[in-house]
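S.K.: Take this structure first; my questions come after.
Chains as they are written, first to last, in the working numbering: chain A, 64 to 318; chain B, 64 to 318; chain C, 2 to 392; chain D, 2 to 392.
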């Protein structure tokens, strides 16, 4: 039985890792998701490759291209999840552009998520203004629609977190995904503000890559690491397991 | 003593030949003018090379380029004439664009013509409307300003021939200088018309190249052959004498 | 922000405040008298408006049917309708206190227009252009640089227009405070499709008056080429409520709608969510956006503005495909017949007019929106015809 | 046919009847109401006249002196002042019953304009262009062909503009009855300089009214580039009797007036008779016409229209040289400052305005005739600046 995301993360010091489904191929993707879970990842985000990943930086764009070359389709991503579920009970979250879900059909997609026990979904191009239909369906299928809050969200934050489920994805810097050396201290204050508004755990992401960064977000329930993990896979496409485990353990040790 | 052009041509069956001064060089030019005179040319036209011979066809344009390459200047052309005059008493006529004469100075140019006994001058771009100043000076220096009449001149003909001197240059076809196979029968009628208006001899030119053409112009006092002679020089730049003489004698035999 | 079920604001949360601020500014200024006066001054005294409504008498006579009129957007400063939108958005940006314009561009026309406006307004400009396009249109890159703009080469994805749009949105998320994204077509999240329509509507506003004053009646049909659809929505807009005026958008069929070398979105596309909007797109069953093709760089886009998708659904406008071959023939035809070298984009619209005019009566009238001039296309047409041009 | 001692008809007898017939037709139609109405219709509804008088505020402010205005001939259909003259001459040709237009062209602008008019009037067009120019401007050759014209490559002489003029006159002598020579500049035998002035005078006719209505007074100076001098004579014409308006023609100094790489005819030239007119020319002491040079193909001509020679002699107009370097700087300057890519010809005039404006007062006004758009020049400017452009 897979635990709810909220339950896993409420203890704090959570670690959420990200991979692109099919990078470098679908068999290795499954192995890496399992390896991350075994190394201590509390939640694994599974990215679905898109032709035009406009919210992503170069690292994840390239992973999308590798996944596309491996023949990624929505159906293959569900097959991957089905296999992963036979090997680990780690909570899973999809990260996908809206068009992938829309063309599949919102409800059909959520039904598959339920079937394969994918707990949540992040759609970076489905903001508050456009999400009502999907959120209602997600509730129907008991899937978490993950809300994003950014340093620019300002007075929009109360409305956004009102609909929060799973965790609140706190975007810690301006810009797109990718590793950065300097993260804004403003993010700390943003997390505090969100914690005051909701009981849903906060997870901070976008640019987290070094162990010494995570301590800056002691007020968050989790950190999200994407590009740094994708880079490890890019560097060691067919034997990344030990590097991933070393990285996750190193992050968790200081966290 | 050089005879007047009118005197030479009044016997009929006159032959006027043309060379470009300095084609292929100034020494050979002198030889060729003398050779033409000795072969029976009644008048020799000496062309002065111009950078933009817009009234001339390709054959004469190329001769102008050869003359330019030989260093043609107005001064060198006068030097040529001075040398030619020591070897032949054939009447000479310049054919030159107006700018050459204008930049030298109309009066200075005519004075040189008189000095070296050049009897006349043809300036294809100095029509009736623009020639008054020059014609008055030409009369002062007793040089013939050769008038041109074309198949298009129509009602302009009486005014043009009123100022005729030396000969009337009858342009036998439309277009520029160059050899043509078919000459218009209209030219015959044009010559008749001019003969009725003036006692100045008529000479027909532009496109005359074959012996069998000259008989078409039995009503003219002379024929003018330009391009055909220039082509002989182009084909035999350094030993054209005998070819020129053969050509001239052939033309005169049927004429 | 919706046209029927199309439109919306499908963009990252990070951009929502910026886009909302643009929407607020647009909704304020579009009815602001001082703003409208300044815009009119820019239109009249810089863009060279009003543009002519030209009666193509030779063509009308030759085709033997309807009277054909060209709305001559090609006579605008910079040579296309693009300047209308760019001046409007730059003026909004100035009112919002922005000092830097960013824009995507395909072949370079919108980039040149944006760089032009930035020069006029004394703003910075940075233009994003796919590497395929900077290679093909090096001269337009230099033209933008002459106008003082910085050109960024986009080497991600398929390295063409859609990737340039992606990159410009990304750039905007990185630097929002002083920066305004001047979107070039009637696409993207609200308010862009509405704002672009507002600025391009000057085309039909003028044309409607010109038809009434020059001919005493409205046209029977208005024909415009559709890529994203900005010139078409501008040409249609003020005629939409004139139900007797047929509105016809002409899509680029490329090598044919039964091939993959096409950009005919309404004809071959399906509903999707991309570039901030719900509309129709050429895409795989999985929602992966297709690479598309047309001889016309300006029509070579996998989507279409949301209002066009709506006008098609409700059958207020009709969308038809025209192939490369047909467009090139029309390009050559009006050059020879009217002495007008029109953009290959606009030539798609001309090609469709050539199809329908002969079946109409001489007292009927067609307006073709000549959205731009074709000097930019002459080299490509020569290549298409197999003529060697050594430049 | 004379302006002081300049002008005349120095052409072969064979052409005199044809040229006289043109003179008769011109003198008849220039005062014919129906002709003038039709010309006005062509100007307004085809050439896109009146052209804007544009206040270059950014430039005026930046230079800190006189107010600078651009007369925007670049906004005409086909992108330059050339169309004014071509439409006028084609209309005369039509009235004379001619069915075939011939014309010389240098870089191709006048050839394109003539081909355009021929397409509009349903006439044949044959354009003569030097081989050097057809090689350098292959795209313009194709453009003329698209417009239905036949292009003849002139491989005689120096194979540039002056040789093309020679060849066109030659062609005319061969086929006079159905053919009209549309001369492109204010040069050649009478009536061409006068006729070209007549048709180009629309520039100053409009500008004079525009200055009075927009600013309440006339300009203090009118500046125009001079090659043959058609745009300049058009810009000067209606101001000649306004003695307080300084008239300034800007010649192409090329690499400098102390080099042989120049085309500054008034500055360096002398009296001569060429191309049917008495005027000033760059020539040897012997009267051999010089090869000339300018970065601007439109100013790269060894003579100047006879009226300019006269206006210079009587000091009613002043003629000044501007080098390639100065013109390129001005080209770049107004692109960045006003968002206008002007022809390199016109940029010579802009360059001189940049020299004198700072020394004038803010209540003084300069008109610069922007005779054409500069899209055609972008590649050459890039080369000049050493920028690699792969087309």
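All C-beta atoms, glycine included, are put in the ideal place defined by N, C-alpha and C.
Excluding the 5 residues preceding and the 5 following residue 73 of chain A in the sequence, name in chain order all residues of the same chain whose CB lies nearer than 8 Å to its CB.
M.R.: Taking the first residue of the first chain as 1, we reach residue 73 of chain A at position 10. Once the five neighbours on either side are set aside, the close Cβ partners of residue 73 of chain A are 264, 284.
S.K.: Please list the terminal residues of the continuous alpha helix (DSSP H) segment that includes residue 130 of chain D.
M.R.: For the purposes of this step, residue 130 of chain D is taken as the residue at position 129 of the fourth chain. Premise fails: residue 130 of chain D lies in the beta strand (DSSP E), 125 to 131, not in any alpha helix (DSSP H).
S.K.: Determine the burial state of residue 221 of chain A: buried for a count of at least 16 other Cβ atoms within 10 Å of its Cβ, exposed for fewer.
M.R.: Within the first chain, the letter at position 158 stands for residue 221 of chain A. Classification for residue 221 of chain A: exposed.
S.K.: On the three-state DSSP scale, how would you describe residue 209 of chain C?
M.R.: Along the third chain, one-based indexing puts residue 209 of chain C at 208. DSSP places residue 209 of chain C in helix when its eight states are reduced to three.
S.K.: Just the C-alpha distance for residue 68 of chain A and residue 112 of chain A, rounded to the nearest angstrom, thanks.
M.R.: Working through the first chain from its first residue, we reach residue 68 of chain A at position 5. Working through the first chain from its first residue, we reach residue 112 of chain A at position 49. Those two C-alpha atoms are separated by around 23 Å.
S.K.: Judging by CA-CA distance, which residue of D:201, D:259, D:134, D:202 is the nearest neighbour of residue 269 of chain D?
M.R.: Position 268 of the fourth chain, counting from 1, holds the residue named residue 269 of chain D. Ranking D:201, D:259, D:134, D:202 by Cα distance to residue 269 of chain D puts D:259 first.
S.K.: Can you grab the Cα-Cα spacing for the pair residue 114 of chain A / residue 323 of chain D, in whole Å?
M.R.: Taking the first residue of the first chain as 1, we reach residue 114 of chain A at position 51. Taking the first residue of the fourth chain as 1, we reach residue 323 of chain D at position 322. C-alpha separation (whole angstroms): 54 Å.
S.K.: How long is the line joining the alpha carbons of residue 166 of chain B and residue 278 of chain D, rounded to whole angstroms?
M.R.: In the second chain, the residue the question calls residue 166 of chain B occupies position 103. In the fourth chain, the residue the question calls residue 278 of chain D occupies position 277. Whole-angstrom Cα-Cα distance: 14 Å.
S.K.: Are the stretch 280 to 295 of chain B and the stretch 148 to 163 of chain C in contact at 8 Å, needing three or more beta carbon pairs?
M.R.: Cβ pair count under 8 Å is below three, so no.
S.K.: Using a Cβ-Cβ cut-off of less than 7 Å, give me the residues of the stretch 181 to 210 of chain A that come near chain C, in sequence order.
M.R.: Within the stretch 181 to 210 of chain A, the qualifying residues are 187, 188, 189, 190, 192, 193.
S.K.: So, is the C-beta of residue 49 of chain D closer than 7 Å to a C-beta in chain C?
M.R.: As a position in the fourth chain, residue 49 of chain D is number 48, starting the count at 1. For residue 49 of chain D, the answer is yes, since a Cβ of chain C falls inside 7 Å of its Cβ.
S.K.: Using a beta-carbon distance below 7 Å, is residue 81 of chain B in contact with chain D?
M.R.: As a working mapping, residue 81 of chain B is identified with position 18 in the second chain. No, because no Cβ of chain D sits closer than 7 Å to the Cβ of residue 81 of chain B.
S.K.: Please classify residue 282 of chain A: does DSSP put it in a helix, a strand, or coil?
M.R.: Taking the first chain and counting its residues from 1, the one referred to as residue 282 of chain A is at position 219. Correct three-state label for residue 282 of chain A: coil.
S.K.: State the DSSP-derived secondary structure class of residue 271 of chain A, mapped to helix, strand or coil.
M.R.: By one-based count along the first chain, residue 271 of chain A stands at place 208. The answer is coil: DSSP assigns residue 271 of chain A none of H, G, I, E or B.
S.K.: Just the Cα atoms here: how many angstroms apart are residue 230 of chain A and residue 19 of chain C?
M.R.: If you number the first chain from 1, residue 230 of chain A lands on position 167. If you number the third chain from 1, residue 19 of chain C lands on position 18. Whole-angstrom Cα-Cα distance: 25 Å.
S.K.: Just to confirm my understanding: we take residue 89 of chain A, look at its own chain, exclude 5 residues before and 5 after, and list those with CB closer than 7 Å. What are they?
M.R.: Mapped onto the first chain, residue 89 of chain A falls at position 26. Once the five neighbours on either side are set aside, the close Cβ partners of residue 89 of chain A are 133, 139, 143.
S.K.: On the DSSP letters alone, give me the boundaries of the beta strand (DSSP E) that residue 370 of chain D sits inside.
M.R.: By one-based count along the fourth chain, residue 370 of chain D stands at place 369. Looking at the DSSP string, the run of the beta strand (DSSP E) that includes residue 370 of chain D is 366 to 371.
S.K.: Given this structure, state the Cα-to-Cα distance separating residue 147 of chain A from residue 82 of chain A, to the nearest angstrom.
M.R.: Residue numbering aside, residue 147 of chain A sits at position 84 when the first chain is read from its first letter. Residue numbering aside, residue 82 of chain A sits at position 19 when the first chain is read from its first letter. Answer to the nearest angstrom: the Cα atoms are 13 Å apart.
S.K.: Alpha carbon to alpha carbon, what distance is there between residue 194 of chain C and residue 379 of chain C?
M.R.: One-based indexing of the third chain puts residue 379 of chain C at position 378. One-based indexing of the third chain puts residue 194 of chain C at position 193. Residue 379 of chain C and residue 194 of chain C: Cα-Cα distance of roughly 30 Å.
S.K.: May I have the straight-line CA-CA distance separating residue 10 of chain D from residue 193 of chain B, to the nearest angstrom?
M.R.: Here residue 10 of chain D is taken as the residue at index 9 of the fourth chain, counted from 1. Here residue 193 of chain B is taken as the residue at index 130 of the second chain, counted from 1. The alpha-carbon atoms of residue 10 of chain D and residue 193 of chain B are separated by roughly 7 Å.
S.K.: For residue 322 of chain C, list the residues DSSP reports as bridge partners.
M.R.: The residue you call residue 322 of chain C lines up with position 321 of the third chain. Note: residue 322 of chain C sits in a beta bridge opposite C:252.
S.K.: Give me the chain C residues within the contact set of residue 53 of chain D, using Cβ-Cβ distance strictly less than 7 Å, ordered along the chain.
M.R.: Taking the fourth chain and counting its residues from 1, one reaches residue 53 of chain D at position 52. Per Cβ cutoff of 7 Å: 46, 49.
S.K.: Over the uninterrupted alpha helix (DSSP H) stretch that includes residue 6 of chain D, give me the two end residues.
M.R.: Working through the fourth chain from its first residue, we reach residue 6 of chain D at position 5. Taken as a continuous stretch (DSSP letters only), residue 6 of chain D belongs to no alpha helix (DSSP H), as it is neither H nor E.
S.K.: In chain order, which alpha helix (DSSP H) runs of at least 4 residues are fully inside the stretch 273 to 351 of chain D?
M.R.: If we require 4 residues or more, the alpha helix (DSSP H) runs fully inside the stretch 273 to 351 of chain D come out as 307 to 314, 325 to 339.
S.K.: Any idea what DSSP makes of residue 47 of chain D, helix, strand or coil?
M.R.: In the fourth chain, the residue the question calls residue 47 of chain D occupies position 46. Residue 47 of chain D falls in the coil class under three-state DSSP.
S.K.: Would you be able to state if there are at least three C-beta pairs under 8 Å between the stretch 161 to 169 of chain C and the stretch 105 to 124 of chain C?
M.R.: Output reads yes: the stretch 161 to 169 of chain C touches the stretch 105 to 124 of chain C.
S.K.: Enumerate in chain order the residues of its own chain whose CB-to-CB distance from residue 180 of chain D is below 7 Å, with the five nearest sequence positions on each side excluded.
M.R.: Working through the fourth chain from its first residue, we reach residue 180 of chain D at position 179. Only 99, 101, 103, 173 meet the Cβ criterion.
S.K.: In chain B, what lies closer than 7 Å to residue 163 of chain D by C-beta?
M.R.: Residue numbering aside, residue 163 of chain D sits at position 162 when the fourth chain is read from its first letter. By Cβ distance, chain B contributes 115.
S.K.: Does the stretch 178 to 186 of chain A come close enough to the stretch 148 to 156 of chain A to have 3 or more Cβ pairs within less than 8 Å?
M.R.: At 8 Å Cβ cutoff, the stretches touch.
S.K.: Do residue 335 of chain C and residue 351 of chain C come within 7 Å of each other at the CB atom, strictly closer than that value?
M.R.: For the purposes of this step, residue 351 of chain C is taken as residue 350 along the third chain, with counting starting at 1. For the purposes of this step, residue 335 of chain C is taken as residue 334 along the third chain, with counting starting at 1. Yes.
S.K.: Reducing DSSP to helix, strand and coil, say where residue 111 of chain B ends up.
M.R.: As a working mapping, residue 111 of chain B is identified with position 48 in the second chain. Residue state, collapsed to three classes: coil.
S.K.: For a cutoff of 7 Å on Cβ pairs, would you count residue 1 of chain D as touching chain B?
M.R.: Nothing about residue 1 of chain D can be reported from this structure: the residues present for chain D run from 2 to 392 only.
S.K.: Could you compute how far the alpha carbon of residue 93 of chain D sits from the alpha carbon of residue 176 of chain D?
M.R.: Counting from one through the fourth chain, the residue named residue 93 of chain D turns up at place 92. Counting from one through the fourth chain, the residue named residue 176 of chain D turns up at place 175. Rounded to the nearest angstrom, the two C-alpha atoms are 18 Å apart.
S.K.: Pick helix, strand or coil for residue 157 of chain A, following the three-state DSSP scheme.
M.R.: Taking the first chain and counting its residues from 1, the one referred to as residue 157 of chain A is at position 94. Here residue 157 of chain A sits in strand by DSSP.
S.K.: Indicate whether at least one CB of chain B lies closer than 7 Å to the CB of residue 167 of chain D.
M.R.: Locating residue 167 of chain D in the fourth chain gives position 166, where the first residue counts as 1. For residue 167 of chain D, the answer is yes, since a Cβ of chain B falls inside 7 Å of its Cβ.
S.K.: Apart from the five residues just before and just after residue 304 of chain A, which ones in its own chain have a Cβ nearer than 6 Å to its Cβ?
M.R.: As a first step, residue 304 of chain A must be located in the first chain, where it is residue number 241. 98, listed in sequence order.
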